[in-house]
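Colleague: Could you have a look at this structure, given as structure tokens, before my questions?
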Amino acid sequence: MIRIATDIGGTFTDIALEAGGRLVTGKVLTTPAAPERGVLQGVSQLLTEAGVAPDQVGVFLHGTTLATNAVIERKGAPTALVMTEGFTDTPEIGREHRFDQYNLYLEKPAPLVPRDRRFGLRERIDADGGVVEPLTDAEIERVATLLRDSGVTAVAVCLLHSYANPTHEEALAAGLALRLPEVSVSLSSRVSPLIGEFERCSTTCANAYVQPLVASYLARMQDGLRSLGIMAPVLVMMSEGALASVETAARLPVRLIESGPAGGAMLAAAVARRLRRDRLVAFDMGGTTAKICLIENGRPTQESSFEADRVYRFKKGSGLPLRIPVVELVEIGAGGGSISRVDGAGRLLVGPDSAGAAPGPACYGRGGTQPTVTDADLMLGRITPARFAGGTLSLDVDAAAQAIGGTLAAALDLPQDATAAAIAEVVEEAMASAARTYAAEKGSDLAGWTLLAFGGAAGLHAAGVARRLGIDEIVLPPNAGVGSAIGFLVAPAAFTVKRSAFAPLARLTPEEVTAIRRSMREEAQAMLQGLGDIAAAEESWTVDLRYTGQGTEITLPLAPDPLATLTDRLGAAFEAEYLRRLGLLPQGVPVEVAAWSLTVTLRAEPTDVLAAPPGPTPPAARGAARLYDLDHGVHRNAGLVERRAMPAGDSVAGPAVVVEDHTTLVIPPGMTAHCDAEGFLILRTEGLAA
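Yeah, the sequence shown ends on 702 if you go by the numbering used here, and it's all consecutive.
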């Protein structure tokens, strides 16, 4: 089956087409005003290049930053929030927790829904799901009138304890569908049916805020594909690293927040398994951001929550909390388009602002004048102008020199080349620092790990980042420049359901467990209808446990063993894990179940898009390049090699650059790149055993 995968980034849109074991890739500039335009343009070009007719395409896979950007830039739909009367200040109150308690000028992210568009609803359900105050038709009519008068196009509904009893939310949704059919409605009992009013509210607001935007975009995308003659089903990458139907994506767009980066994590996990690397750092650097993800034993870490739009980059609690399944990673504003500037203290700063695709770095010749990382890399000899973006984008060296050597160099009182070198060092240290901090939070030291570099700019900076982290081995996979798009091709179709369902563990009966599991299984399977063989799907269950009165849980796997002994086994496993983590067990405190989670994964047809075995060609001819030596402050002669001309077993010693259509690998002195039998470039410090 012919498959196409597309990943929209802040600067470039990456495309990969798989046809009969052959992989054809492309890269086009993103079109921010109408992202689907760039996608359709790139797909059309790639179909022609591959000699594939549009009606031969069997499935279209897609990842997008649209939801993320809408939240960060506050460009979502005019949204209202309906909450139980008396609780409409929940977005400001939050957890009554200051993530930096000594900062007198603490700044928090602004709520997505302003106070004048929040409406209280007279109703009440208690924590056990019992109705304390019924919801009346008159109350629904009153709130519907307020919503109509407010002029909103989206509504988030988050009623107290709706995770225990969703009937009031469902009744309100039915009433609004009759009275305001043009308004999209997001219910917390469907988006995030979990305890934790603030997080549930924040997640539902984010879903409502981006829903009209994402739904409209996906509809335009499908219409555009049909106009090209592609009638294949569209699957969208979700934040947990799984593919879902376009209908599911339109219904739950908040789960697209980490859509593109999740594809990169899935690529990294597949490479780790293939190369048998138990500890791998995925380093994805594109035109706008850099992402770091840790892969252990062939799997990325999965989390059930995420913070969007952090006010303070590395401060946990400074963003909008979202209760969604997500691949855990850290993302910083450090990409090829990141803008360099000098602050009031005379310090050089790089990012998070980006030149993006329009106008782009100065060297793009599209009107950009501010110095960026790409301009610096060009000045340092790391980028070969004729090979950038597969030769589709002509680079203006003089414009880059003017941007770097003008006001910025004067402010730093440095020569042009030294200014470019300073930009590279600052951005590499920022990325290494982010990875180091992230790993330390997980209790890991990255020395001795393997760094997997992908994304258009990663190969340019991988060696510098690895050196700062104490990493001696770097892997550049085939087609690394479009790595996240290839990650979509190795990702499964799957869906995760998580629900709060409180019950004392000791009193939990097999019948109750069976009912919960049946209901959750039906929901997950409904989301996957039409995507594959449901009967052959794999199920993965977990359960969140805690001692009564605690606010945090421990997640344990739930094996498909006899339910009759389930509570005993879970109790023993919980105590063992609690003791391992905290070293002391409370005495006489009962254990309770807080939530259940199910992931249903459809079996995918075996495919191999990772390897690109080199042909039996002679060793590649070496060209010449001039690379700036950061340690000595001078340009030096270096080798230049075409990656596609490297046969298996070929090696290139630094200083050198290995160029390909969509990225470049910089090999510093003291390191050697080896091409293995499957086309992976393995870069190691000289003297280390393979």
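Every residue gets a Cβ at the ideal spot worked out from N, C-alpha and C, and that includes glycine.
Should the segment 247-267 be regarded as contacting the segment 334-347, the criterion being three or more beta carbon pairs within less than 8 angstroms?
Modeller: Contact between the segment 247-267 and the segment 334-347 is present, because at least three Cβ pairs lie under 8 angstroms.
Colleague: Which runs of the beta strand (DSSP E) spanning at least 3 residues fall entirely within the segment 46-93, listed in chain order?
Modeller: The segment 46-93 contains these whole beta strand (DSSP E) runs: 69-75.
Colleague: With a threshold of 16 other CB atoms inside 10 Å of the CB of L597, please say whether the residue is buried or exposed.
Modeller: Stepping through the sequence shown from its first residue, residue 597 is reached at position 585. With fewer than 16 other Cβ atoms within 10 Å, it is exposed.
Colleague: State buried or exposed for P667, treating a residue as buried only when at least 16 other CB atoms are found within 10 Å of its CB.
Modeller: Start at 1 with the first residue of the sequence shown, and residue 667 comes out as number 655. Answer is buried; the Cβ neighbour count reaches 16.
Colleague: If you draw a straight line from the alpha carbon of A357 to that of A423, how long is it in whole angstroms?
Modeller: Position 345 of the sequence shown holds residue 357. Position 411 of the sequence shown holds residue 423. Each residue's alpha carbon lies about 11 angstroms from the other.
Colleague: Just confirm the distance between the C-beta atoms of T300 and G88, as a whole number of angstroms; I'd bet it's less than 8 angstroms.
Modeller: In the sequence shown, counting from the first residue as 1, residue 300 sits at position 288. In the sequence shown, counting from the first residue as 1, residue 88 sits at position 76. Wrong, their Cβ atoms sit about 19 angstroms apart, outside the cutoff.
Colleague: Using the rule of at least 16 other Cβ atoms within 10 Å of the residue's Cβ for burial, across every protein chain shown, is K510 buried or exposed?
Modeller: The count along the sequence shown starts at 1 and reaches residue 510 at position 498. Per the 10 Å Cβ criterion, buried.
Colleague: Short of 6 angstroms in beta carbon distance, which residues of its chain neighbour A139, apart from the five on each side in sequence? Order them along the chain.
Modeller: Position 127 of the sequence shown holds residue 139. Contacts found: H173.
Colleague: Expressed to the nearest angstrom, what Euclidean distance is found between the alpha-carbon atoms of A702 and L292?
Modeller: Against the sequence shown, residue 702 aligns to sequence position 690. Against the sequence shown, residue 292 aligns to sequence position 280. Its pLDDT being 48, under 50, A702 is placed unreliably in this model, and the value from its coordinates should be taken loosely. Taking the straight line from one Cα to the other gives about 16 angstroms.
Colleague: Evaluate R394 with the Cβ neighbour count: other Cβ atoms within 10 Å of its Cβ, from every protein chain shown; 16 or more gives buried, anything less gives exposed.
Modeller: Counting from one through the sequence shown, the residue named residue 394 turns up at place 382. That one is buried.
Colleague: Hey, quick one: how far does the beta strand (DSSP E) through M297 stretch, first residue to last?
Modeller: The residue you call residue 297 lines up with position 285 of the sequence shown. Here the beta strand (DSSP E) through M297 covers R291 to M297.
Colleague: Nearest CA to the CA of T697: which residue from V664, V621 and Y117?
Modeller: The residue you call residue 697 lines up with position 685 of the sequence shown. The candidate whose alpha carbon is nearest that of T697 is V664.
Colleague: If you scan the segment 518-584 from start to end, which runs of the beta strand (DSSP E) of 3 or more residues do you find wholly inside it?
Modeller: Counting only runs of 3 or more, we get 550-559 and 566-570.
Colleague: Taking DSSP's pairing of strands, which residues face T431 in a bridge?
Modeller: Against the sequence shown, residue 431 aligns to sequence position 419. DSSP output for T431 lists no bridge partner at all.
Colleague: Who does A28 pair with in a DSSP beta bridge?
Modeller: Locating residue 28 in the sequence shown gives position 16, where the first residue counts as 1. Partner(s): A17 and T37.
Colleague: Could you tell me the distance, in whole angstroms, from the CA atom of T676 to the CA atom of R638?
Modeller: Along the sequence shown, read from residue 1 onward, the residue named residue 676 stands at position 664. Along the sequence shown, read from residue 1 onward, the residue named residue 638 stands at position 626. Rounded to whole angstroms, T676 to R638 spans 14 angstroms at the Cα level.
Colleague: According to DSSP, simplified to helix, strand and coil, what is G310?
Modeller: Sequence index remark: in the sequence shown, residue 310 carries index 298 (1-based). Coil at G310, not helix or strand.
Colleague: Evaluate the contact criterion for the segment 498-507 versus the segment 615-627: three or more CB pairs, one atom per stretch, below 8 angstroms.
Modeller: Yes: the two stretches touch, three or more of their Cβ pairs being nearer than 8 angstroms.
Colleague: For G275, which residues of its own chain have a beta-carbon under 7 angstroms away from its beta-carbon, when the five flanking residues on both sides are left out?
Modeller: What you label residue 275 is simply residue 263 of the sequence shown in a count that begins at 1. Once the five neighbours on either side are set aside, the close Cβ partners of G275 are D19, G75, M249, S496, A497, G499, F500 and A503.
Colleague: For V167 versus A220, is the C-beta distance shorter than 8 angstroms?
Modeller: The residue you call residue 167 lines up with position 155 of the sequence shown. The residue you call residue 220 lines up with position 208 of the sequence shown. Yes, they are a contact pair.
Colleague: Quick one: grab the DSSP three-state call for A606.
Modeller: One-based indexing of the sequence shown puts residue 606 at position 594. DSSP places A606 in strand when its eight states are reduced to three.
Colleague: According to the neighbour-count rule (16 or more other Cβ atoms, all chains shown, within 10 Å of its Cβ), is Q223 buried or exposed?
Modeller: Here the question's residue 223 lines up with position 211 in the sequence shown. Buried, by the Cβ-count rule.
Colleague: Just verifying my parser: in three-state terms, what is the DSSP assignment at V653?
Modeller: For the purposes of this step, residue 653 is identified with residue 641 of the sequence shown, where counting begins at 1. Strand, per DSSP.
Colleague: Near I84, which residues of its chain fall below 6 angstroms by C-beta distance, leaving aside the five closest residues on each side in sequence?
Modeller: Taking the first residue of the sequence shown as 1, we reach residue 84 at position 72. Taken in chain order, the residues that qualify are D321.
Colleague: On the criterion of 16 or more Cβ atoms from any shown chain inside 10 Å, does I105 qualify as buried, or is it exposed?
Modeller: The residue given as residue 105 occupies position 93 in the sequence shown. By the 10 Å Cβ count, I105 comes out exposed.
Colleague: Going by other Cβ atoms of all chains shown within 10 Å of its Cβ, with 16 needed for buried, is P126 buried or exposed?
Modeller: Taking the sequence shown and counting its residues from 1, the one referred to as residue 126 is at position 114. P126 should be labelled exposed.
Colleague: By a C-beta neighbour count over all protein chains shown, 10 Å radius and 16 as the cutoff for buried, is A244 buried or exposed?
Modeller: On the sequence shown, position 232 is the one that residue 244 refers to. Answer is buried; the Cβ neighbour count reaches 16.
Colleague: Going by other Cβ atoms of all chains shown within 10 Å of its Cβ, with 16 needed for buried, is D556 buried or exposed?
Modeller: Numbered from its first residue, the sequence shown carries residue 556 at position 544. The residue in question, D556, is buried, as its Cβ has 16 or more Cβ neighbours within 10 Å.
Colleague: Applying the criterion that 16 or more other CB atoms from any shown protein chain within 10 Å of the CB defines a buried residue, is M704 buried or exposed?
Modeller: In this structure the chain extends from 13 to 702, so residue 704 is not present and cannot be described.
Colleague: Ends of the beta strand (DSSP E) at M683?
Modeller: Counting from one through the sequence shown, the residue named residue 683 turns up at place 671. That run of the beta strand (DSSP E) goes M683 to C687.
Colleague: By the DSSP assignment, the beta strand (DSSP E) with R267 in it spans what residues?
Modeller: Start at 1 with the first residue of the sequence shown, and residue 267 comes out as number 255. Here R267 belongs to no beta strand (DSSP E), and DSSP marks it neither H nor E.
Colleague: On the premise that E119 lies in contact with V323, defined as a C-beta separation below 8 angstroms, what is that separation, rounded to the nearest angstrom?
Modeller: The residue labelled residue 323 in the question sits at position 311 within the sequence shown. The residue labelled residue 119 in the question sits at position 107 within the sequence shown. The Cβ separation is near 5 angstroms, so the contact holds.
Colleague: Let me know the alpha helix (DSSP H) ranges lying completely inside the segment 359-436, each 4 residues or longer, listed in chain order.
Modeller: 385-391, 409-415 and 421-424, all fully within the segment 359-436.
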